[in-house]
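Structure record follows, encoded as structure tokens.
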Amino acid sequence: MRKLFIAGLAIAFVLGAAHAEVKADDVAGVWLTDGGDSKIEIKKEGEKYNGKIIWLKEPNQEPGSPEPGQPKRDSKNPDPAKQKDPIVGLALLKDFSWDGSGAWSGGTIYDPESGKTYKCTMKLKDEKTLDVRGYIGVPAFGRSTVWTRTEAEEPASQPAPAATGTNSEPAASKPDKKSE
Numbered sequence: 003m004r005k006l007f008i009a010g011l012a013i014a015f016v017l018g019a020a021h022a023e024v025k026a027d028d029v030a031g032v033w034l035t036d037g038g039d040s041k042i043e044i045k046k047e048g049e050k051y052n053g054k055i056i057w058l059k060e061p062n063q064e065p066g067s068p069e070p071g072q073p074k075r076d077s078k079n080p081d082p083a084k085q086k087d088p089i090v091g092l093a094l095l096k097d098f099s100w101d102g103s104g105a106w107s108g109g110t111i112y113d114p115e116s117g118k119t120y121k122c123t124m125k126l127k128d129e130k131t132l133d134v135r136g137y138i139g140v141p142a143f144g145r146s147t148v149w150t151r152t153e154a155e156e157p158a159s160q161p162a163p164a165a166t167g168t169n170s171e172p173a174a175s176k177p178d179k180k181s182e
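See the structure below:
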């Protein structure tokens, strides 16, 4: 009986250690940014990890902007040819490599709000929390943000329909008028 108990403990220890070990592909998936304003999908492409914006909480330009109701665009991109590209679908993370010690490094992160690109590292705090640090020069002189693993829900944000005076919610989310 004692041998069976010790064997059970050994198996539990091995399974627990394997579960806690971070693997290269653990970063892949969909992540909600810290403000909840966007979702980033990280995928392995070849030997590198890249990420793109797949959803925005507010995908369209506000009233009073140059193109109200149109998809938000990468207007601050330093390359004029890319300034009309929509934010949804934009490559945000590029060329990350797994370093074997729990982090992804050697990549860059693009900030569409400023049009600037920064060096970046990413590290999983746990299976649902990703620490993303953008910096210039050395990581000590940077800024960190925390992303939370989530579901895609939608492949991408769609432009909101033009205001027509009708409710544009999906039928499944409307209350049942018959029961009122």
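Okay, so the sequence shown: first residue is 3 according to the numbering used here, each after it adds one. Just so it is clear, CB atoms sit at the ideal spot from N, CA and C, and this is done for glycine as well.
Residue i in three-state terms, based on DSSP
i: Lys86; result: coil
i: Val29; result: helix
i: Ala93; result: strand
i: Arg154; result: First, the residue type needs correcting, since residue 154 is Ala and not Arg in the sequence shown. Reduced to three states, the DSSP call for Ala154 is coil.
Contact set for residue i: own chain, Cβ-Cβ below 6 Å, skip 5 residues either direction
i: Ser99; result: Gly108
i: Asp128; result: none
Residue i versus residue j: straight-line alpha-carbon distance, rounded
i: Arg145; j: Glu49; result: 26 Å
i: Gly139; j: Thr123; result: 12 Å
i: Asp87; j: Gly104; result: 34 Å
i: Ala30; j: Val24; result: 12 Å
i: Ile55; j: Pro61; result: 11 Å
i: Asp39; j: Trp106; result: 23 Å
i: Pro114; j: Asp76; result: 6 Å
i: Tyr137; j: Lys121; result: 5 Å
i: Lys59; j: Lys118; result: 22 Å
i: Phe143; j: Pro65; result: 37 Å
i: Val32; j: Ile111; result: 16 Å
i: Pro80; j: Leu94; result: 15 Å
Cβ-based neighbour list, residue i, same chain, cut-off 7 Å, excluding 5 preceding and 5 following
i: Glu69; result: Gln63
i: Lys46; result: Asp27, Ala30
i: Leu92; result: Lys54, Ile55, Asp76, Pro114
Status (buried if at least 16 other CB within 10 Å, exposed otherwise) for residue i
i: Thr35; result: buried
i: Gly37; result: exposed
i: Val90; result: buried
i: Glu153; result: exposed
i: Ser148; result: The amino acid at residue 148 is misidentified as Ser; the sequence shows Val. Exposed, by the Cβ-count rule.
i: Lys84; result: exposed
i: Glu155; result: exposed
i: Lys74; result: buried
In DSSP terms, what residue i is bridged to
i: Asp113; result: Lys118
i: Val148; result: Asp133
i: Lys50; result: Glu47
Contact set for residue i: own chain, Cβ-Cβ below 8 Å, skip 5 residues either direction
i: Leu126; result: Val24, Asp28, Val29, Gly104, Leu132, Asp133
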